[in-house]
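Numbering (the working numbering), first residue to last: -1 to 207.
Each residue gets a CB set at the ideal place from its N, CA and C atoms; glycine is no exception.
Because the structure is a prediction, the values reported are computed rather than measured.
Accompanying notes for the structure given below.
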């Protein structure tokens, strides 16, 4: 019996292997694809900056100030205004400015600021008064003890006060609580502004004098 050889298949090497692989994939329930799968765009990052100044804040009457809000894990300064009577004495003016700043910190960010990712950790109802007998003359006594504030809220208060007419302009502010405890000088450092959650504002006790 003569065995006839089948003619060799020529010109099929380019497609035979892919065809076999496609059949194997189909048999395993896996659909072959010719293009990469599109999983959509990467998540967008929080901008932490306003596209333009807030019109409501820009038109509000009062003394221009800056307050520090939270954005992501850092502090960011935004523009505000505080109303202060022109006839207020220096000591009284410092307290009025401080209370105005606290009120701004407790306000919820505007729609534009929320869209940019801003938040605040300072809770409503905090009051501020001037020094008591025996306190340094630039002391601001909060209705809530500084140690009772969250790390974020204390950083917001310290950095906002130290950057305003409520302080002496040296990057620090003297704070105390409602009790008779001693006043302490708190500083707003680069580390505090960058990571307020893990860097509490450094402070030292201040004696009258």
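Per the DSSP secondary-structure output, residue 156 pairs with nothing in a beta bridge. Distance between residue 148 and residue 197, taken at the CA atoms: about 11 Å. Annotated as proximal: residue 187 and residue 200, with beta-carbon spacing under 8 Å. Within the same chain, Cβ atoms closer than 8 Å to the Cβ of residue 72 are found at 46, 191, 192, 193, 194, the five residues on either side in sequence being excluded. Comparing C-alpha distances from residue 81 to each of 90, 95, 131 shows the shortest one belongs to 95. Shown here for residue 204: same chain residues with a beta carbon closer than 8 Å to its own, the five before and five after excluded, namely 134, 137, 172, 180, 181, 182, 183 in chain order. Assigned with DSSP and collapsed to three states, residue 189 falls in helix. Straight through space, the alpha carbons of residue 161 and residue 167 are spaced by roughly 6 Å. With contacts defined by Cβ atoms closer than 8 Å, residue 74 and residue 102 do not form a contacting pair. In chain order, 96, 99, 138, 165, 171, 173 place their CB closer than 8 Å to the CB of residue 159, counting only its own chain and leaving out the 5 sequence neighbours on each side. Proximity to residue 122 across 115, 78, 79, 105 peaks at 105, based on C-alpha coordinates. For residue 111, the enclosing alpha helix (DSSP H) has its first and last residue at 109 to 114. Separation of residue 93 and residue 128 (C-alpha to C-alpha, rounded to the nearest whole angstrom) is 6 Å. Excluding the 5 residues flanking it on each side, residue 69 has same chain C-beta neighbours closer than 6 Å at 46, 115, 116, in chain order.
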